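In the numbering used here, the protein residues as written are 2 to 92.
Worksheet: one structure, shown below.
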Amino acid sequence: MVKGVSKTIIEVNNTGSKLFEKIVFYVTPEYGNLSAKQLKRAATEFSFNYDSAIPKNTALRKRCKRKRNIKLLAVCGAILTLAAVILVLIL
Numbered sequence: 002m003v004k005g006v007s008k009t010i011i012e013v014n015n016t017g018s019k020l021f022e023k024i025v026f027y028v029t030p031e032y033g034n035l036s037a038k039q040l041k042r043a044a045t046e047f048s049f050n051y052d053s054a055i056p057k058n059t060a061l062r063k064r065c066k067r068k069r070n071i072k073l074l075a076v077c078g079a080i081l082t083l084a085a086v087i088l089v090l091i092l
């Protein structure tokens with residue numbers, strides 16, 4: 002026997018996570034009366050902050066940190082190169 006149940010469900014397709022492509026939220030009945038905009042904002046905030054819950058010692062966390070460090074070094078190198086070019090042009 003199938004009962005008719007009315008639930009508020011939010012599906013987030015852009016999770017902001019490398020681990021998950023889709024998240025489905027089942028809203029508790031007491032918060033089901035919030036506006037769609039409020040529910041969507043809460044679901045999006047949760048999904049985009051979820052990566053911070055990955056343990057620090059995982060390979061994924063280390064790989065993300067390594068990529069961030071490489072980008073930072075590249076930006077610093079570009080800034081130093083630009084400063085050197087400006088100094089050469091001035092002198």
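Glycine included, every Cβ here is placed at the ideal spot set by N, Cα and C.
Just so we're clear, the structure is a prediction, and the values are computed from it rather than from any experiment.
So, does the region 5 to 25 touch the region 33 to 50, judging by three or more C-beta pairs under 8 Å?
Enough Cβ pairs lie closer than 8 Å, so yes.
At which residues does the beta strand (DSSP E) containing F26 begin and terminate?
As a first step, residue 26 must be located in the sequence shown, where it is residue number 25. That run of the beta strand (DSSP E) goes I24 to V28.
Whose C-beta lies closer than 8 Å to the C-beta of K1 among residues of the same chain, with five residues either side of it excluded?
Outside the displayed span of the chain (2 to 92) sits residue 1, for which this structure offers no information.
Residue of K19, R67 and K41 minimising C-alpha distance to Y27
As a first step, residue 27 must be located in the sequence shown, where it is residue number 26. That would be K41, whose Cα lies nearest to the Cα of Y27.
Bounding residues of the beta strand (DSSP E) (the contiguous stretch that carries E12):
Your numbering for residue 12 matches position 11 in the sequence shown. Counting along the chain, the beta strand (DSSP E) containing E12 begins and ends at T9 to V13.
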